[in-house]
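Letter by letter, the sequence shown follows residues 8 to 229 of the numbering used here. Every residue, glycine too, gets a C-beta built ideally from N, C-alpha and C. Below is one structure; the comments refer to it alone.
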Amino acid sequence: MSIIETVMPDRAFIVDTIRSRLERAGVPVVALLHPIFAARRDPSGRLELLAEPEGGGTPRESFTHIAIPRSTDAAALARLEADIRDALEDVRLVTDDFAAMVARAQAVAAELDGLGRSRSAQLATEATAVADVLRWLVDGAFVFLGCREYGLTTLGAAAMLQLRAGSGLGILRREARSAFREARRLDELPAWVRARLSPGRLLTVAQTIAEAPVHRRAHMDD
8 MSIIETVMPD RAFIVDTIRS RLERAGVPVV ALLHPIFAAR RDPSGRLELL AEPEGGGTPR
68 ESFTHIAIPR STDAAALARL EADIRDALED VRLVTDDFAA MVARAQAVAA ELDGLGRSRS
128 AQLATEATAV ADVLRWLVDG AFVFLGCREY GLTTLGAAAM LQLRAGSGLG ILRREARSAF
188 REARRLDELP AWVRARLSPG RLLTVAQTIA EAPVHRRAHM DD
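Structural data, given as structure tokens:
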């Protein structure tokens, strides 16, 4: 057997995410152990205490020990290790930022409530409806994976679109991956991107073929 072992602060989605990455790689799981311990470490990360998790202030750490069919392909094992490391980093980002993403959605809903009070009856209805959708998502109808803000600016006579640095949460905290980390001209973007920026549109719902990087192997809009 080949063995995969991980350890990180306990949180949601760890085991499901590892399983999904192994499934995607075509690697069956022969055995999986997932103990959770109370752990205390010194400033250098050296383990000082490992005990049964009980009440109290000792942080809990999640350990996994996974047996897979033996492989001697060093390159394939290195790719699998890198993929699991990357996936667990996404787990960390999503879970660390979950409360902040919920708060961001609630703040936008409150902003829309205020917008509704200042608009005509028809536009007020739209603003209130979008605010209600956001609250429905917050109430458990949605797993927030990422959030990011973009800004429209002008450079000379050209309209530009760029992400707002530092606004990313969850998996969208990885701003180096964004195609808009540098300002891009609107007239050079695909028509479907420009359509999402139509003036007055409060909500756009889109589908994606991308798989969710955490929790389960499914499209992010499933």
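From this set, D97, G158, G121, which residue's C-alpha is nearest L176's C-alpha? Working through the sequence shown from its first residue, we reach residue 176 at position 169. Checking every option, the nearest Cα to that of L176 belongs to D97.
As a quick exercise: from A136, A202, P206, A74, pick the residue whose alpha carbon is nearest that of A213. Position 206 of the sequence shown, counted from the start, is the residue given in the question as residue 213. Comparing Cα-Cα distances from A213 to each of A136, A202, P206, A74, the minimum goes to A202.
Separation of R124 from A131, as counted between CA atoms: Position 124 of the sequence shown, counted from the start, is the residue given in the question as residue 131. Position 117 of the sequence shown, counted from the start, is the residue given in the question as residue 124. Their backbone Cα atoms lie some 6 Å apart in a straight line.
Can you check whether the CB of I25 is closer than 8 Å to the CB of I91? Residue numbering aside, residue 91 sits at position 84 when the sequence shown is read from its first letter. Residue numbering aside, residue 25 sits at position 18 when the sequence shown is read from its first letter. With contacts defined by Cβ atoms closer than 8 Å, I91 and I25 form a contacting pair.
Let me check understanding here. Comparing Cα to Cα, which of A128, L119, L40 lies closest to L141? Within the sequence shown, numbered from 1, the residue matching residue 141 stands at position 134. Among A128, L119, L40, the Cα nearest to that of L141 is on L119.
Cβ neighbour criterion (16 or more within 10 Å) applied to V221: Taking the sequence shown and counting its residues from 1, one reaches residue 221 at position 214. Note on V221: 16 or more other CB atoms within 10 angstroms of its CB, so buried under the neighbour-count rule.
Let's see if you can read the secondary structure: which residues bound the alpha helix (DSSP H) around I216? Locating residue 216 in the sequence shown gives position 209, where the first residue counts as 1. Looking at the DSSP string, I216 is not in any alpha helix (DSSP H), and its letter there is neither H nor E.
Below 8 Å on the Cβ atoms is my contact criterion, and I expect S78 with S9 to pass it. Report the Cβ-Cβ distance as a whole number of Å. Against the sequence shown, residue 78 aligns to sequence position 71. Against the sequence shown, residue 9 aligns to sequence position 2. Sure, about 5 Å apart at Cβ, within 8 Å.
Starting from S252, trace the alpha helix (DSSP H) in both directions and tell me its first and last residue. Coverage of the chain is limited to positions 8 through 229, which leaves residue 252 absent and any answer about it impossible.
Would I75 and P60 be called neighbours here (beta carbons separated by less than 8 Å)? Position 68 of the sequence shown holds residue 75. Position 53 of the sequence shown holds residue 60. No.
Would I73 be called buried (16 or more neighbouring beta carbons within 10 Å of its own) or exposed? Reading the sequence shown from its first residue, position 66 is the one you call residue 73. It counts as buried.
Helix, strand or coil: which one does DSSP assign to V14? Translated into the one-based positions of the sequence shown, residue 14 becomes position 7. Correct three-state label for V14: strand.
Closer than 8 Å to chain C by CB, A81: Considering every chain present, this structure includes no chain C. It has just one protein chain.
If distances are taken between C-alpha atoms only, which option among L84, A134, E189 comes closest to L210? Start at 1 with the first residue of the sequence shown, and residue 210 comes out as number 203. For L210, the closest C-alpha among the options L84, A134, E189 is that of A134.
Express the C-alpha separation of A183 and G163 in angstroms, rounding to a whole number. The sequence position of residue 163 within the sequence shown is 156, counting from 1. The sequence position of residue 183 within the sequence shown is 176, counting from 1. About 26 Å.
Element boundaries [beta strand (DSSP E), containing L57]: Within the sequence shown, numbered from 1, the residue matching residue 57 stands at position 50. For L57, the enclosing beta strand (DSSP E) covers residues 54-58.
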